[in-house]
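Each residue of the sequence shown is one higher than the one before, counting from 1 in full-length UniProt numbering.
For every residue, glycine included, the Cβ atom is placed at its ideal position computed from N, Cα and C.
Below is one structure, written out as structure tokens; comments come after it.
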Amino acid sequence: MNTDNKGIEDTLQKKYDKIERVPPKGYDCANDFFEDVFNDKEMIWMGQNTNHLHDDTIAKAMANCVMTKEYCKYPPPEGFSDLKQLILDDLGLENQEVFLTAGATESLHICMNGLLNKSDNVITCDPGYLIIGTFAERFADEVKYVPIYSEENNYKLTPELVRENMDENTKMIILIDPLNPLGTAYTEEEIKEFAEIAIENDIYLLHDITYKDFARQHFVAAKYAPKNTITIYSFSKIFGMAGLRIGAVISTPEINEVLKNVVVNDLGVNIVAQYGAMAGLKSKDQWIGEIRETSFSNQKLIKEMIDGIDGVFLPVYPSDGNMMVIDLSGVGISPKKMSEYLLDKKIFTREGEYTSRLVGDKYLRISFSIPEEGIKKFCEEFPKAVEALKK
Ligand SMILES: Cc1ncc(COP(=O)(O)O)c(C=O)c1O
1 MNTDNKGIED
11 TLQKKYDKIE
21 RVPPKGYDCA
31 NDFFEDVFND
41 KEMIWMGQNT
51 NHLHDDTIAK
61 AMANCVMTKE
71 YCKYPPPEGF
81 SDLKQLILDD
91 LGLENQEVFL
101 TAGATESLHI
111 CMNGLLNKSD
121 NVITCDPGYL
131 IIGTFAERFA
141 DEVKYVPIYS
151 EENNYKLTPE
161 LVRENMDENT
171 KMIILIDPLN
181 PLGTAYTEEE
191 IKEFAEIAIE
201 NDIYLLHDIT
211 YKDFARQHFV
221 AAKYAPKNTI
231 TIYSFSKIFG
241 MAGLRIGAVI
251 STPEINEVLK
261 NVVVNDLGVN
271 IVAQYGAMAG
281 LKSKDQWIGE
291 IRETSFSNQK
301 LIKEMIDGID
311 GVFLPVYPSD
321 GNMMVIDLSG
331 VGISPKKMSE
341 YLLDKKIFTR
351 EGEYTSRLVG
361 DKYLRISFSI
371 PEEGIKKFCE
381 EFPKAVEALK
391 K
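Dropping the structure here:
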């Protein structure tokens with residue numbers, strides 16, 4: 001036995017920094033809180049950008065996979081070819097390769113691990129989907145969180161802001177489009193300009209299009225900079241499959257070879273989810289119109305309600321995602337207090353700190369791809385909450 005070896009206690013340490021979540025009142029950890037909220041069947045689900053508007057088409061395809069016990073076998077490790085082709089068709093891309101993952105989250109981690117080095121920096125924005133930056137921090141030297149919460153830049157990371165923040169070590173631009181939490185999206189001109197920046201500087205453009213199908217218009221950067229773009233795709237939002245954990249990375253075969261080398265889940269992605277995803281893509285034309293319409297009419301109801309309250313406003317309307325931000329700073333209400341108040345009324349929402357380190361104390365994020373009756377209850381309760389909490 002080697003007595004010089006240090007033991008577990010001496011060597012145990014966290015390898016990476018991660019944002020620590022303060023558990024809500026009465027809970028030891030955030031997971032216990034979440035489990036309680038999850039198990040409460042009356043809870044109105046506006047705290048995650050999930051989609052609760054689907055019929056049974058996807059569910060039936062998955063049920064069939066379960067009943068035929070297809071799940072006893074491992075699936076092909078990089079995904080069914082049919083599914084990969086359906087994803088390319090959905091994006092209108094050719095000469096690109098799809099690599100299936102357990103959700104956009106895994107796609108993001110694989111990209112940061114595979115493509116970033118300790119001398120690189122990365123540009124992203126605040127507010128934004130913070131785990132992307134957290135993953136990048138593990139592998140790059142620096143992540144620049146460009147502040148974008150202002151009318152001046154239309155609440156988004158503009159090409160000008162990217163240029164201002166770039167230097168010789170910039171290796172990747174991260175575009176979340178539409179942006180969680182604000183719901184801002186990019187015009188074709190802007191996407192072309194980002195593509196030009198990536199090509200000119202020979203760097204990666206990571207285009208997270210998780211919410212693309214909620215947008216009024218959406219443009220895929222890979223069409224303009226196919227060799228530089230890595231597209232991050234999710235089945236959690238428009239397909240309503242968040243709990244199934246399935247997504248993809250789409251890029252050039254050369255980049256994908258590098259990504260495959262850092263894979264963790266090398267026995268393939270959940271087979272039930274793959275069947276659901278194929279059914280979802282094949283039937284998309286049948287259901288997408290109705291889901292988009294309900295989402296738009298829901299956000300209109302919220303807008304009308306918010307317009308009637310002094311001091312509260314929607315920085316971005318309409319949102320091109322299935323979520324939006326309500327700014328509470330004018331009435332001096334802390335988003336945490338607001339979300340606790342609403343939780344008591346069985347409405348689950350998210351305080352700003354989940355998506356911003358810089359301005360998280362200003363806003364509440366709500367998502368609205370849920371049945372209209374939930375939105376109506378929210379519209380009834382929110383004005384009462386403002387009256388009860390304002391200073
Ligand atoms: C911008 C963005 N990317 C990725 C994800 C995670 O997607 P998935 O459920 O496919 O892992 C989210 C989830 O909210 C998101 O907002």
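Those residues having their beta-carbon less than 6 Å away from any non-hydrogen atom of ligand 1 are, in chain order, Asn49, Gly103, Ala104, Thr105, Tyr129, Ile176, Asn180, Asp208, Thr210, Ser234, Ser236, Ala242 and Gly247.
When the Cα atoms are used, Lys223 and Tyr233 turn out to be separated by approximately 15 Å.
At the C-beta level, Ile230 and Tyr204 come within 8 Å of one another. Apart from the 5 residues on each side of it in sequence, Val331 sits with its Cβ closer than 7 Å to the Cβ of Gly311, Val312, Val386 and Lys390 in its chain, given in chain order. Put simply, the backbone Cα of Pro383 is about 42 Å away from that of Met278. Put simply, the region 244-254 does not touch the region 116-129. Fewer than three CB pairs are less than 8 Å apart.
Where Ser234 is concerned, the enclosing beta strand (DSSP E) starts and stops at Thr229 to Ser234. Minimum Cα-Cα distance from Thr294 among the listed residues Leu53, Tyr16 and Met43 corresponds to Leu53. Rounded to the nearest whole angstrom, the CA to CA distance from Met324 to Val359 is 15 Å.
Just so you know, the alpha carbons of Val66 and Ile271 end up roughly 9 Å apart. Pairing Leu267 with Pro76, the inter-Cα distance amounts to about 8 Å. Under the three-state reduction of DSSP, Thr134 is assigned to helix. Annotated three-state conformation of Asn121 is strand, per DSSP. When secondary structure is reduced to three states using DSSP, Lys237 falls in the coil class, being assigned neither helix nor strand. Residue state for Val98 is assigned as strand, using DSSP reduced to three classes. Counting only residues of its own chain and dropping the five nearest sequence neighbours on each side, Val316 has a CB closer than 6 Å to the CB of Tyr155, Leu182, Gly183 and Thr184.
Restricting attention to alpha helix (DSSP H) runs no shorter than 4 residues, the region 327-381 encloses them at 335-344, ordered along the chain. For Thr11, the uninterrupted alpha helix (DSSP H) run begins and ends at Ile8 to Thr11, by DSSP. In the pairwise beta carbon analysis, the region 99-116 is classified as touching the region 253-268: at least three pairs are separated by under 8 Å. The Cβ neighbour count for Glu106, taken over all protein chains shown within 10 Å, is at least 16; the residue is labelled buried. Each residue's CA atom was taken as its position, placing Leu342 and Ile44 some 10 Å apart. Here the C-alpha atom of Tyr149 lies approximately 20 Å from the C-alpha atom of Ile209.
Following the DSSP letters along the chain, one finds Leu83 inside the alpha helix (DSSP H) bounded by residues Ser81 to Leu91. Excluding residues up to 5 positions away in sequence, Tyr275 lie with their Cβ nearer than 8 Å to the Cβ of Asn64 in the same chain. Scanning its chain for C-beta atoms nearer than 6 Å, with the 5 sequence neighbours on each side dropped, one finds around Leu91 the residues Val220, in chain order.
Thr170 sits in a strand when the DSSP states are folded into three classes.
Counting only the Cα atoms, Met241 lies some 23 Å from Leu206. Taken atom to atom, the span from the alpha-carbon of Glu142 to that of Phe368 is near 34 Å.
The residues Leu342, Lys345 and Ile347, in chain order, have a CB closer than 7 Å to that of Glu381 in the same chain once the five nearest residues on each side in sequence are set aside.
Per the C-alpha coordinates, the member of Glu290, Glu151 and Thr170 positioned closest to Tyr145 is Thr170. The C-beta separation of Phe194 from Gly321 comes to about 18 Å, leaving the pair out of contact by the 8 Å criterion. Here the alpha carbon of Asn298 sits roughly 8 Å from the alpha carbon of Pro371. The beta-carbon separation of Ile110 and Val262, rounded to 6 Å, stays under the 8 Å limit for a contact.
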